[in-house]
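Each residue of the sequence shown is one higher than the one before, counting from 14 in my numbering.
For glycine and all other residues, C-beta sits at the position ideal for the given N, C-alpha and C.
It should be emphasised that the depicted structure is a prediction, and the values quoted were computed from it without experimental measurement.
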Amino acid sequence: MTATLAHIWRHPLKGLGSEAIQSVELDPDQAVVGDRHWALLNTEAEDTDLWQPRRNFLQVASGPRLAALTAETTAQGIRLTHPEREPLEMKPETDGQALGAWIGDLWPENRPGPARLVKAPVQGMTDVEYSSVSIGNLASLRALSQKAGVDIDMRRFRINLWLDGLAPWEEIDLLQRAIILGTATLSPVEPIERCRAPDANPANGARDIGMLRLLEDGWDTRNFGVYFKVKTAGTARIGDALG
Numbered sequence: 014m015t016a017t018l019a020h021i022w023r024h025p026l027k028g029l030g031s032e033a034i035q036s037v038e039l040d041p042d043q044a045v046v047g048d049r050h051w052a053l054l055n056t057e058a059e060d061t062d063l064w065q066p067r068r069n070f071l072q073v074a075s076g077p078r079l080a081a082l083t084a085e086t087t088a089q090g091i092r093l094t095h096p097e098r099e100p101l102e103m104k105p106e107t108d109g110q111a112l113g114a115w116i117g118d119l120w121p122e123n124r125p126g127p128a129r130l131v132k133a134p135v136q137g138m139t140d141v142e143y144s145s146v147s148i149g150n151l152a153s154l155r156a157l158s159q160k161a162g163v164d165i166d167m168r169r170f171r172i173n174l175w176l177d178g179l180a181p182w183e184e185i186d187l188l189q190r191a192i193i194l195g196t197a198t199l200s201p202v203e204p205i206e207r208c209r210a211p212d213a214n215p216a217n218g219a220r221d222i223g224m225l226r227l228l229e230d231g232w233d234t235r236n237f238g239v240y241f242k243v244k245t246a247g248t249a250r251i252g253d254a255l256g
């Protein structure tokens, strides 16, 4: 069976919602174009637009209720939804304070609160300090779901590209070579080590799975998914075969 690109996810705001899309531009400098393009600094972070580690932003690992956010790119900006909020239509260039107010008590009061919405450097404000594309394997997700005894929503992992048609955990083998998706060529980097963010359910923001323990008990690892870099720019679309 030929592996194909089954899902594409983009995250316009780091840690704050995700959107499913049908195609994506991949670029050596920007990686997934439009992904993690903005990020909401907390009050303990350095006030800069340069890359900073995850702990300096509002994000799901520290605020699990944020997992239930969705973020849709629109002609006007970004539309955010959450089960406990009325939708917010915002322009990132001007509405950072409105975003912080809208989040409100979805963010834990014992954590540093929102400070400023910053535009990410060219490679996006991902969790690693290089232009990265995250890739997941639906067969591995099914194996993890079977171990958990419940269907695990792929959105928990905030992965960009999901492949179907591989064997469980075969994504690790992909790190041995360059791959082609659509018209883009990608070079392997490393596995993705996980934090507590995937514990939170995107349906309601509740921490209901101990994902690290599940991975360690089942496969003696904390890794899920793999990082690639874009070697040659191109467009990837759902249904594209893995080359």
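DSSP on ARG169, reduced to helix/strand/coil? helix
Leaving out five residues before and five after PRO201 in sequence, what residues of the same chain have Cβ atoms less than 6 Å from its Cβ? LEU188 and PHE241
Where do the N-terminal and C-terminal ends of the alpha helix (DSSP H) with ALA114 fall, by residue? 109 to 116
Tell me the DSSP bridge mates of ARG92? GLU85 and GLU102
Nearest by alpha-carbon distance to GLY223: which of ARG235, ASN217 and ALA216 is it? ARG235
Less than 6 Å between C-beta atoms, sequence neighbours within five positions excluded: which residues of the same chain meet that for SER153? PRO181 and TRP182
What number of angstroms, rounded off, separates the C-alpha of ALA111 from the C-alpha of MET103? 8 Å
Write down every uninterrupted run of the alpha helix (DSSP H) in the region 127 to 154 whose length is 4 residues or greater and which is fully enclosed by it, in chain order. none
Where ILE185 falls: helix, strand or coil (DSSP): helix
Using beta-carbon positions only, say whether GLY137 and VAL73 come within less than 8 Å of one another. no
Relative to the C-alpha of THR15, which residue among MET167, ASP212 and LEU194 is closest? LEU194
Inspect the beta-carbon positions of LEU228 and LEU18 and report whether they are closer than 8 Å. no
With H, G and I counted as helix, E and B as strand and the rest as coil, what does DSSP make of GLY259? As displayed, the chain neither begins before 14 nor continues past 256, which places residue 259 out of reach and without an answer.
If you compare alpha carbons, which of THR248, HIS50 and GLN89 is closest to PRO25? HIS50
What is the C-beta distance between ASP40 and ALA246, in whole angstroms, given that I count them as a contact (C-beta under 8 Å)? 5 Å
Buried or exposed for PRO215, going by 16 or more other Cβ atoms inside 10 Å? buried
Kindly indicate which residue of VAL131, LEU151 and ILE251 has the alpha-carbon position closest to the one of ASP166. LEU151
For TRP64, which three-state DSSP category applies? coil
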